[in-house]
Every structure is written in structure tokens, then in C-alpha cells.
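Novice: So that we are looking at the same thing, I have put the structure below in C-alpha cells.
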Amino acid sequence: MDDLKQLDKYAFQVLTMIEEGYSSRQIAQQFHLSYKTVKDIVERFSHWR
Numbered sequence: 004m005d006d007l008k009q010l011d012k013y014a015f016q017v018l019t020m021i022e023e024g025y026s027s028r029q030i031a032q033q034f035h036l037s038y039k040t041v042k043d044i045v046e047r048f049s050h051w052r
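Position one of the sequence shown corresponds to residue 4 (our numbering), numbered consecutively onward.
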């Protein structure tokens, strides 16, 4: 599934930025992702940390 590969690609960077205090909206703008996509990444991958 292409979507999952896409999420995987951004997951580490997104989670790192969340830890550094960036908001989901700032991250979405930086990576040209939708706000919903960023929230999905955080929900899906945050348990890995």
C-alpha cells in the first residue's frame, strides 16, 4: 500500500518534531501534508517511542 510507505517515510521526522514542541499544523505545512495525515501519523506511530 503506497499510503503506508508514505506515512513511514515521514513518521520518524514527524514524531521527532512533535517531541521538539512543534505543532501538528506547523509540521503539516513543512512537509506539505494535510493536518489529518499528521494526526494519523502521530496516533499510529506514537506508541513506538
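Think of the CB as a built atom: it goes at the ideal place given N, C-alpha and C, for glycine as much as any other residue. Note that the structure is predicted; figures quoted are calculated from it, not measured.
1) Kindly indicate which three-state DSSP category residue 35 falls into: helix, strand or coil?
2) Classify residue 23 as helix, strand or coil using the three-state DSSP reduction.
3) Quick check on residue 7: buried or exposed, where buried means 16 or more other Cβ atoms within 10 Å of its Cβ?
4) Residue 13 to residue 38, Cα distance in whole Å?
5) Identify, in the order they occur along the chain, each residue of the same chain with its Cβ nearer than 6 Å to the Cβ of residue 23, setting aside the five sequence neighbours on each side.
Specialist: Checking against the coordinates, here is how it stands:
1) coil
2) coil
3) exposed
4) 13 Å
5) none
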